[in-house]
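*Asks:* To start, I am sharing the structure in question, which I have written as structure tokens.
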Amino acid sequence: MSQPFSIAIHGGAGTISKNDLSPEQEAAYHLALSEALAAGYSLLEKGASAMDAVAAAVVSLEDCILFNAGRGAVFTKTGTHEMDASIMDGAFLQAGAITCVKQVKNPVLLARAVMEKSEHVMLSGEGALQFAKEQQLKLEEETYFFSQFRYEQWQLVKDEQTIALDHNIKTEKKFGTVGAVACDAKGNIAAATSTGGMTNKNYNRIGDTPIIGAGTYANNRTCAISCTGHGELFIKAVAAYDVSCLMEYEGYTLQQAMETVTLDKLVKINGEGGMIGTDANGNVALVFNSEGMYRGWQKSNGEKVTAIYQ
Ligand code: ASP
Numbered sequence: 000m001s002q003p004f005s006i007a008i009h010g011g012a013g014t015i016s017k018n019d020l021s022p023e024q025e026a027a028y029h030l031a032l033s034e035a036l037a038a039g040y041s042l043l044e045k046g047a048s049a050m051d052a053v054a055a056a057v058v059s060l061e062d063c064i065l066f067n068a069g070r071g072a073v074f075t076k077t078g079t080h081e082m083d084a085s086i087m088d089g090a091f092l093q094a095g096a097i098t099c100v101k102q103v104k105n106p107v108l109l110a111r112a113v114m115e116k117s118e119h120v121m122l123s124g125e126g127a128l129q130f131a132k133e134q135q136l137k138l139e140e141e142t143y144f145f146s147q148f149r150y151e152q153w154q155l156v157k158d159e160q161t162i163a164l165d166h167n168i169k170t171e172k173k174f175g176t177v178g179a180v181a182c183d184a185k186g187n188i189a190a191a192t193s194t195g196g197m198t199n200k201n202y203n204r205i206g207d208t209p210i211i212g213a214g215t216y217a218n219n220r221t222c223a224i225s226c227t228g229h230g231e232l233f234i235k236a237v238a239a240y241d242v243s244c245l246m247e248y249e250g251y252t253l254q255q256a257m258e259t260v261t262l263d264k265l266v267k268i269n270g271e272g273g274m275i276g277t278d279a280n281g282n283v284a285l286v287f288n289s290e291g292m293y294r295g296w297q298k299s300n301g302e303k304v305t306a307i308y309q
């Protein structure tokens, strides 16, 4: 039996205003978002699972240098790249996450391997890298993750005691964490998120992205959520799980619950950012409290949209 299916993606939220992007840059973002949507949606169309769809969409975004995940990951305070990712299957409440990982080309696939091939939910650093090798996941040299613009971004803030959402750095406001949520034709939902974190973060700093319930959550009874924004605040707000709780215990719709968390609760604690969500009926919502969020969605009713600004 087939029901409405859908996918939504994000490429980060932050100070992204129309004046900051040239028409060519804007077009490049729309194209990258469109390709990531297609990677996930084409699988859903063939009857694949929401898990397969979110993994494929996030891999596409991780491979694109425009976004702060995988190849385009930002620099830490010590000039390295440390990546975080997580994935959750709403049908079985299974989850996998990795944090502070280097060299792994597609961190989301490592998170999925932790979920499917280990007895654990989260692996970090050297242990996660060792596991990636055992699973024969693709590794890359440090140079693969080097990009001149991210290096310049880091140079701007590296002597300050600050961390920055990479899209909020004054000269570069165009890059972000990535994520996907999907509802498949069987009514199963899933969420995945992947990031290089925040520019100039302390080495071994862990944000919300790999934390189940903070940056990522999925439960067929409520919603699948992927967040982007100032991770410390999303952790304190237990943002993704709070949306699920509002739906489960208060009977909120997906849209109402996401607006309550993003536009009220997070705003009150200065938690800048946004989130994307789906429920098991194929409804999709994309909500953010920042100037912009790279985003897109596609539904089995024919709707396909990519967008950047409010
Ligand atoms: N949430 C991510 C983190 O704090 C950053 C982002 O979404 O851009 O690591």
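Heads up: the sequence shown runs through residues 0 to 309, numbered per numbering that gives the first Met the number 0. Heads up, the beta-carbon is just placed ideally off N, CA and C, and yes, glycines get one too.
1. Give a yes or no on whether the C-beta atoms belonging to Q254 and A223 are separated by under 8 Å.
2. Compute the Euclidean distance between the alpha carbons of S225 and H29, then round it to the nearest angstrom.
3. Does the Cβ of P22 have 16 or more other Cβ atoms within 10 Å, making it buried, or fewer, making it exposed?
4. In its own chain, which residues sit with a C-beta less than 6 Å from the C-beta of S123, not counting the 5 before and 5 after it?
5. May I ask you to list the residues that DSSP assigns as paired with Y216?
6. M82 to F4, Cα distance in whole Å?
7. Is V304 helix, strand or coil by DSSP?
8. For the alpha helix (DSSP H) that contains C244, what are its first and last residues?
9. In the DSSP assignment, find the unbroken beta strand (DSSP E) run with R294 in it and report its ends.
10. Comparing C-alpha positions only, which one of F287, Q297, S299 and G89 sits nearest to S309?
11. Might you give, ordered along the chain, the residues of its own chain that have their beta carbon closer than 6 Å to the beta carbon of N203, omitting 5 neighbours on each side?
12. Using a Cβ-based criterion (distance less than 7 Å to any ligand heavy atom), does G214 qualify as near ligand 1?
13. I'd like to confirm something about T194: is its beta-carbon nearer than 7 Å to some heavy atom of ligand 1, or not?
14. How about P106 and G46: do their beta carbons lie closer than 8 Å?
15. Compare the C-alpha of L136 against each of Y150, E118, K104 and G178 and name the closest.
16. State buried or exposed for G301, treating a residue as buried only when at least 16 other CB atoms are found within 10 Å of its CB.
*Replies:* Looking at the atomic coordinates:
1. Position 255 of the sequence shown holds residue 254. Position 224 of the sequence shown holds residue 223. No, Cβ-Cβ distance for Q254 and A223 is not below 8 Å.
2. In the sequence shown, counting from the first residue as 1, residue 225 sits at position 226. In the sequence shown, counting from the first residue as 1, residue 29 sits at position 30. Going from the Cα of S225 to the Cα of H29 covers about 19 Å.
3. Start at 1 with the first residue of the sequence shown, and residue 22 comes out as number 23. The C-beta of P22 has fewer than 16 other C-beta atoms within 10 Å across all chains shown, which makes the residue exposed.
4. Counted from its first residue, the sequence shown places residue 123 at position 124. The answer, listed in chain order, is T98 and C99.
5. Residue numbering aside, residue 216 sits at position 217 when the sequence shown is read from its first letter. Paired residue(s): I224.
6. Within the sequence shown, the letter at position 83 stands for residue 82. Within the sequence shown, the letter at position 5 stands for residue 4. Taking the straight line from one Cα to the other gives about 30 Å.
7. The sequence position of residue 304 within the sequence shown is 305, counting from 1. V304 falls in the strand class under three-state DSSP.
8. Within the sequence shown, residue 244 is the residue found at index 245, counting from 1. It spans A238 to E249 - the alpha helix (DSSP H) in which C244 sits, taken as one unbroken run.
9. As a position in the sequence shown, residue 294 is number 295, starting the count at 1. Residues G291 to K298.
10. Taking the sequence shown and counting its residues from 1, the one referred to as residue 309 is at position 310. The sequence given here places Gln at residue 309; Ser does not occur at that position. Residue nearest to Q309 within the set F287, Q297, S299 and G89 is F287 (criterion: CA-CA distance).
11. Residue numbering aside, residue 203 sits at position 204 when the sequence shown is read from its first letter. If we look at N203 and ignore the five residues flanking it on each side, its Cβ neighbours are C99.
12. Sequence index remark: in the sequence shown, residue 214 carries index 215 (1-based). Correct: G214 has its Cβ closer than 7 Å to ligand 1.
13. Position 195 of the sequence shown, counted from the start, is the residue given in the question as residue 194. Yes, Cβ of T194 sits closer than 7 Å to a heavy atom of ligand 1.
14. Residue numbering aside, residue 106 sits at position 107 when the sequence shown is read from its first letter. Residue numbering aside, residue 46 sits at position 47 when the sequence shown is read from its first letter. Cβ atoms of P106 and G46: not closer than 8 Å.
15. On the sequence shown, position 137 is the one that residue 136 refers to. For the residues Y150, E118, K104 and G178, the minimum Cα distance to L136 belongs to K104.
16. Here residue 301 refers to the residue found at position 302 when the sequence shown is read from its first residue. When all chains shown are included, G301 counts as exposed.
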